[in-house]
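There are 2 protein chains.
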Amino acid sequence: MGGTAEAAGGAGAPARRRQARGQKRIEEILRAAAEVFGEQGYDATTTNAIAARAGISPGSLYQFFANKDDVARALAERYAARLATLRAELDTVARDGRDLDELVAAVLDPLVAFNLAHPGFKALFARTDMPAGLREAVAPVHAAIHGRVAELVGQLLPGRPADEVARVATVSIQLVRGMIPLITGAAGEREREVMTGELHVVVVSYLRRQTAGAGEPGRA
Amino acid sequence: MGGTAEAAGGAGAPARRRQARGQKRIEEILRAAAEVFGEQGYDATTTNAIAARAGISPGSLYQFFANKDDVARALAERYAARLATLRAELDTVARDGRDLDELVAAVLDPLVAFNLAHPGFKALFARTDMPAGLREAVAPVHAAIHGRVAELVGQLLPGRPADEVARVATVSIQLVRGMIPLITGAAGEREREVMTGELHVVVVSYLRRQTAGAGEPGRA
DNA sequence: TGAGAATACGAGCGATTACTCGCATTGTCG
DNA sequence: CGACAATGCGAGTAATCGCTCGTATTCTCA
Numbered sequence: 001m002g003g004t005a006e007a008a009g010g011a012g013a014p015a016r017r018r019q020a021r022g023q024k025r026i027e028e029i030l031r032a033a034a035e036v037f038g039e040q041g042y043d044a045t046t047t048n049a050i051a052a053r054a055g056i057s058p059g060s061l062y063q064f065f066a067n068k069d070d071v072a073r074a075l076a077e078r079y080a081a082r083l084a085t086l087r088a089e090l091d092t093v094a095r096d097g098r099d100l101d102e103l104v105a106a107v108l109d110p111l112v113a114f115n116l117a118h119p120g121f122k123a124l125f126a127r128t129d130m131p132a133g134l135r136e137a138v139a140p141v142h143a144a145i146h147g148r149v150a151e152l153v154g155q156l157l158p159g160r161p162a163d164e165v166a167r168v169a170t171v172s173i174q175l176v177r178g179m180i181p182l183i184t185g186a187a188g189e190r191e192r193e194v195m196t197g198e199l200h201v202v203v204v205s206y207l208r209r210q211t212a213g214a215g216e217p218g219r220a
Numbered sequence: 001m002g003g004t005a006e007a008a009g010g011a012g013a014p015a016r017r018r019q020a021r022g023q024k025r026i027e028e029i030l031r032a033a034a035e036v037f038g039e040q041g042y043d044a045t046t047t048n049a050i051a052a053r054a055g056i057s058p059g060s061l062y063q064f065f066a067n068k069d070d071v072a073r074a075l076a077e078r079y080a081a082r083l084a085t086l087r088a089e090l091d092t093v094a095r096d097g098r099d100l101d102e103l104v105a106a107v108l109d110p111l112v113a114f115n116l117a118h119p120g121f122k123a124l125f126a127r128t129d130m131p132a133g134l135r136e137a138v139a140p141v142h143a144a145i146h147g148r149v150a151e152l153v154g155q156l157l158p159g160r161p162a163d164e165v166a167r168v169a170t171v172s173i174q175l176v177r178g179m180i181p182l183i184t185g186a187a188g189e190r191e192r193e194v195m196t197g198e199l200h201v202v203v204v205s206y207l208r209r210q211t212a213g214a215g216e217p218g219r220a
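Those protein sequence lines, which keep their order, are chains A and B. Per the UniProt record's numbering, the first sequence starts with residue 1, numbered consecutively. Per the UniProt record's numbering, the second sequence starts with residue 1, numbered consecutively.
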């Protein structure tokens with residue numbers, strides 16, 4: 001989880017023994033990084049700014065992280081771990097034979113709440129064009145998220161071929177990624193709720209069309 | 001339209017007389033910028049790279065554009081002009097009382113084709129987090145696009161309050177912006193067609209739900 | 001307690017980038 | 001042709017940024 005500092009080369013990394021102080025620093029750095037990423041975006045964020053926000057020197061940051069991408073990777077993995085705790089609940093809800101509305105709400109509501117609680121999340125995941133380093137850093141987490149969504153979609157569309165399920169999952173994720181900025185960037189609480197409702201409508205409408213068993217994908 | 005070079009300060013700009021050679025250079029610079037923006041993204045694109053792609057020196061670029069953002073602004077306006085030519089056709093289609101499928105197709109198909117033909121477009125418009133300079137540069141064009149979509153949505157949802165129409169337009173645009181990378185980044189022609197179909201399904205499903213006259217927006 | 005490891009610092013290095021400037025060339029127009 | 005403006009060049013400049021390194025401090029543990 002916490003930072004692959006000092007050479008990601010898997011072979012002979014001695015893996016220095018962290019002190020409690022070091023673990024605390026890592027937490028502070030990641031918290032600071034999340035803040036600045038959320039405020040400025042990934043590209044505009046400087047490592048010195050992260051260090052300053054964390055109240056440490058630039059050199060200290062590099063005691064724990066190999067480079068800027070490594071900070072992003074660690075932060076992404078941290079987010080993935082937090083999201084993973086939602087998984088159990090989701091599976092439970094999915095197995096209960098509720099209607100689509102409740103199912104989608106059970107997924108979207110915690111997800112929206114997560115995005116509001118962690119402003120740095122969208123800076124790492126909700127971008128359409130990423131610099132190469134960032135893309136590689138978050139790729140595994142992206143894949144994990146897609147896998148989980150595909151599981152849910154698979155339960156929703158039983159008997160569909162795997163590539164179709166994967167496609168519906170990809171599109172669903174993209175819909176959420178596209179709408180999240182409208183929600184997190186909403187002017188007030190009221191507008192945020194309205195936009196969250198719109199996201200709900202969008203996803204439900206799309207999935208309903210899929211469950212309706214349209215034989216040929218795409219338009220008539 | 002073509003580049004606000006040399007001080008955007010509105011007052012006493014002498015507006016130098018362009019020679020034919022200069023106009024040609026401006027075209028070449030914008031073409032080069034569109035290419036590099038499309039390949040590298042806005043942040044990663046350097047002004048020197050644009051100049052090199054255009055086959056000119058860095059200094060010559062600044063003969064015509066005040067800075068990097070100014071290039072983006074000029075390119076955005078150029079795109080806006082091209083898109084404006086589609087407007088007349090769209091209005092014609094909209095007034096004919098066709099069904100929603102055809103209407104959406106009439107909007108989306110040229111739009112997808114436009115994105116495929118102009119790879120730099122998405123670098124300027126399909127981003128969720130933009131650096132401040134780029135946001136300001138493309139803001140007017142964004143507003144213009146939103147206005148046109150709102151017109152279409154207004155014809156589709158007669159009698160709805162303006163803020164509702166505006167919201168449906170915003171969401172629709174966001175759906176397209178979110179899905180475009182899936183289409184332009186598709187592996188082959190087949191996948192691209194499939195993803196275009198999915199975009200069509202998404203937008204039609206969403207709009208159908210809106211036209212169905214759901215009294216309260218959002219979820220039940 | 002003492003030795004070695006982990007943590008901490010922050011000035012500054014090397015590389016990159018947006019942009020400039022002095023000067024040469026080409027076009028315009030009387 | 002001659003004067004002036006527009007175009008063109010590309011090495012160079014100032015600023016920024018990711019990251020390093022020498023050194024000082026704190027912690028661990030035998």
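For every residue, glycine included, the Cβ atom is placed at its ideal position computed from N, Cα and C. Only a predicted model underlies this, so the values are computations on that prediction, with no experimental measurement involved.
Please return the same chain residues whose Cβ sits closer than 6 Å to the Cβ of residue 79 of chain B, not counting the five positions on each side in sequence. 121.
Would you mind reading off the limits of the alpha helix (DSSP H) that contains residue 130 of chain A? That residue, residue 130 of chain A, is in no alpha helix (DSSP H); it is neither H nor E in DSSP.
Helix, strand or coil: which one does DSSP assign to residue 48 of chain B? Reduced to three states, the DSSP call for residue 48 of chain B is helix.
Would you identify the three-state DSSP class for residue 72 of chain B, choosing helix, strand or coil? Residue 72 of chain B: helix per DSSP, three-state reduction.
Does the beta carbon of residue 152 of chain A sit closer than 7 Å to a beta carbon anywhere in chain B? Taking CB atoms only, residue 152 of chain A has no neighbour in chain B less than 7 Å away.
Counting only C-beta atoms, is residue 126 of chain B closer than 7 Å to chain A at any point? Residue 126 of chain B counts as touching chain A.
Residue environment, residue 185 of chain A, which counts as buried when at least 16 other CB atoms sit within 10 Å: So residue 185 of chain A counts as exposed.
Considering Cα atoms alone, identify which of B:119, B:201 and B:37 is closest to residue 72 of chain B. Comparing Cα-Cα distances from residue 72 of chain B to each of B:119, B:201 and B:37, the minimum goes to B:37.
Please name the residue in A:183, A:131 and A:86 whose C-alpha comes closest to that of residue 145 of chain A. Nearest C-alpha to residue 145 of chain A: A:86.
Could you give the residue range of the alpha helix (DSSP H) that holds residue 119 of chain B? That residue, residue 119 of chain B, is in no alpha helix (DSSP H); it is neither H nor E in DSSP.
Contact residues within the region 96-109 of chain B, judged by C-beta distance below 7 Å to chain A: If the cut-off is 7 Å between Cβ atoms, the region 96-109 of chain B has 101 and 105 near chain A.
Should residue 98 of chain A be labelled buried (16 or more other beta-carbon atoms within 10 Å of its own) or exposed? So residue 98 of chain A counts as exposed.
First and last residue of the uninterrupted alpha helix (DSSP H) at residue 210 of chain A: Start and end: 189-211.
Answer yes or no: do residue 238 of chain A and residue 209 of chain B have a C-beta to C-beta separation smaller than 7 Å? Residue 238 of chain A lies beyond the stretch modelled for chain A, which goes from 1 to 220, so this question has no answer here.
Members of the region 32-47 of chain A that neighbour chain B once the beta carbon cut-off is set at 7 Å: Listed by position, the residues of the region 32-47 of chain A near chain B (Cβ gap below 7 Å) are 41, 43 and 44.
Does residue 60 of chain B get closer than 7 Å to chain A when you measure Cβ to Cβ? Cβ-Cβ to chain A under 7 Å: no for residue 60 of chain B.
Is residue 30 of chain A closer than 7 Å to residue 75 of chain A when the C-beta atoms are compared? Cβ atoms of residue 75 of chain A and residue 30 of chain A: closer than 7 Å.
Range of the contiguous alpha helix (DSSP H) that encloses residue 157 of chain B: Residue 157 of chain B -> no alpha helix (DSSP H), and no H or E assigned at all.
Integer Cβ distance of residue 175 of chain B from residue 202 of chain B, believed to fall under 8 Å: Approximately 6 Å separates the beta-carbon atoms of residue 175 of chain B and residue 202 of chain B; this is inside 8 Å, confirming the contact.
Once you ignore the five residues that flank residue 48 of chain A on each side, which residues in its own chain have a CB closer than 7 Å to its CB? Closer than 7 Å at Cβ, skipping near neighbours: 58.
Does residue 79 of chain A come out as helix, strand or coil in the three-state DSSP assignment? Residue state, collapsed to three classes: helix.
Beta-carbon separation (whole angstroms), residue 170 of chain B vs residue 181 of chain A, contact threshold 8 Å: Their Cβ separation, rounded to whole angstroms, is 11 Å, which puts residue 170 of chain B and residue 181 of chain A out of contact at 8 Å.
Proximity to residue 101 of chain B [Cα-Cα], best of B:200, B:147 and B:16: Relative to the Cα of residue 101 of chain B, the nearest Cα in the group B:200, B:147 and B:16 belongs to B:200.
Taking 7 Å as the CB-CB limit, is residue 218 of chain A close to chain B? Here residue 218 of chain A scores only 46 on pLDDT, less than 50, and its place in the model should not be relied on; the value that follows carries that caveat. Using beta-carbon distances, residue 218 of chain A counts as an interface residue toward chain B, with a partner under 7 Å.
Given residue 221 of chain A as reference, the closest of B:161, B:67 and B:183 once Cα atoms are compared: The question about residue 221 of chain A has no answer here: the residues shown for chain A are numbered 1 through 220.
Around the Cβ of residue 117 of chain A, are there at least 16 other Cβ atoms within 10 angstroms (buried) or fewer (exposed)? Around the beta-carbon of residue 117 of chain A, fewer than 16 other beta-carbon atoms lie within 10 Å, marking it exposed.
With a threshold of 8 Å on Cβ separation, who are the neighbours of residue 56 of chain B within its own chain once the five nearest residues in sequence on each side are excluded? For residue 56 of chain B, the CB contacts under 8 Å within the same chain, skipping 5 residues up- and downstream, are 25, 28 and 29 in chain order.
Contact list for residue 178 of chain B against chain A, beta-carbon separation under 9 Å: What residue 178 of chain B touches in chain A: 128, 174, 175, 176, 177, 178 and 179.
Which term fits residue 198 of chain B, buried or exposed, when burial requires 16 or more other beta carbons within 10 angstroms of its beta carbon? Buried is the call here.
Let me know the secondary structure DSSP gives residue 62 of chain B once reduced to three states. Three-state result, residue 62 of chain B: helix.
Are the beta-carbon atoms of residue 70 of chain A and residue 133 of chain A separated by less than 7 Å? No, the pair does not count as a contact, with Cβ atoms beyond the cut-off.
Between A:21, A:103, A:82 and A:83, which lies nearest to residue 63 of chain A when the distance is taken from Cα to Cα? Considering only A:21, A:103, A:82 and A:83, the residue with the shortest C-alpha distance to residue 63 of chain A is A:21.
Return no unless some Cβ of chain A is closer than 7 Å to the Cβ of residue 206 of chain B. Cβ-Cβ to chain A under 7 Å: yes for residue 206 of chain B.
Should residue 182 of chain A be flagged as near chain B, meaning a C-beta pair shorter than 7 Å? True, the Cβ-Cβ gap to chain B drops below 7 Å.
From residue 104 of chain B to residue 157 of chain B, what does the alpha carbon distance come to, in whole angstroms? Distance between the alpha carbons of residue 104 of chain B and residue 157 of chain B: 14 Å.
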